Amino acid sequence: GAGVSQSPRYKVAKRGQDVALRCDPISGHVSLFWYQQALGQGPEFLTYFQNEAQLDKSGLPSDRFFAERPEGSVSTLKIQRTQQEDSAVYLCASSPRGQREFGNEQFFGPGTRLTVL
Amino acid sequence: AQKITQTQPGMFVQEKEAVTLDCTYDTSDPSYGLFWYKQPSSGEMIFLIYQGSYDQQNATEGRYSLNFQKARKSANLVISASQLGDSAMYFCAMREGGNGGSQGNLIFGKGTKLSVKP
């Protein structure tokens, strides 16, 4: 498909486990964003990549959260030692534009629903 | 302070009628963009409409229009001729900064759950 894909769609983890969430952006898209959406809330920004460079990680809630995009395409969000408060939907979005370019295209994936028991 | 405020947690509308979903925003940046997304129960965020801060006319996309009142800092979404498939969560979002400063991340409101009654 031509859209943003994420895997797994659902993940159940025991408290303390590490998890890795994958995002495949639209081919050729320069920008990639991760958002966290808690139940009943709007998405909140976590981190931003332009190609392989992580330009902003100000939204990551703790040092247990780590994201990478080593080749400028696929991105992985890793959460170490998961806690119950990490339970949320994690959304990935990509855009063909880079930093400092103004546009309205931001395409979202279906999200990964993480449940920490 | 909330950057995006959606004051209606839930709204009901009769099928085929129009409905307005409220959104106010707060920014000191002269250049910004305003977005509306639809999120059905499947979870995917579906882009509906966009309004740039310098756009002179209100944005329209099919049955969706954005009532942009810059002085009031409001960006209400109007859905005309509601359909059963319009039942979903609706999120208003803002991107601050234009050329020279924007990285593009969106700031979302808490959303409004719209239910369309047959």
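As they're listed, the protein sequences go chains B and V.
Quick note, the numbering used here runs 3 ahead of the 1-based positions in the first sequence.
Quick note, the numbering used here runs 36 ahead of the 1-based positions in the second sequence.
Note that the Cβ used here is the ideal one computed from N, Cα and C, for glycine as well.
Because the structure is a prediction, the values reported are computed rather than measured.
Check                                                                                                                                                                                  : Outcome
How close, in whole Å, do the beta carbons of V/Cys59 and V/Ile40 come, if the pair is a contact with beta carbons under 8 Å?                                                          : 7 Å
If V/Leu113 sits next to V/Trp72, beta carbons under 8 Å apart, how far is it from one beta carbon to the other, in whole angstroms?                                                   : 5 Å
Just the chain V side, please: which residues come within less than 8 Å of B/Arg100 by C-beta, in chain order?                                                                         : Gly140
Using a Cβ-Cβ cutoff of less than 7 Å, which residues in the same chain neighbour V/Gly147 once the five nearest sequence positions on both sides are dropped?                         : Gln42, Met125, Tyr126 and Phe127
Any beta-carbon of chain V closer than 8 Å to the one on B/Val92?                                                                                                                      : yes
Output, in chain order, the set of chain B residues within a Cβ distance shorter than 8 Å of V/Glu97.                                                                                  : Ordered by position in chain B, no residue passes the 8 Å Cβ test against V/Glu97, which lies about 11 Å from the chain.
From what residue to what residue does the beta strand (DSSP E) around B/Gln39 run?                                                                                                    : Ser34 to Gln40
Could you name the residues of the same chain whose beta carbon sits closer than 8 Å to that of B/Glu108, not counting the 5 residues immediately before and after it, in chain order? : Ser98, Pro99 and Arg100
Report yes or no: do three or more beta-carbon pairs, one from the stretch 16–31 of chain B and one from the stretch 73–80 of chain B, lie closer than 8 Å?                            : yes
What residues in the stretch 45–60 of chain B bring their beta carbon closer than 8 Å to a beta carbon of chain V?                                                                     : Gly45, Pro46, Glu47, Phe48, Tyr51, Gln53, Leu58 and Asp59
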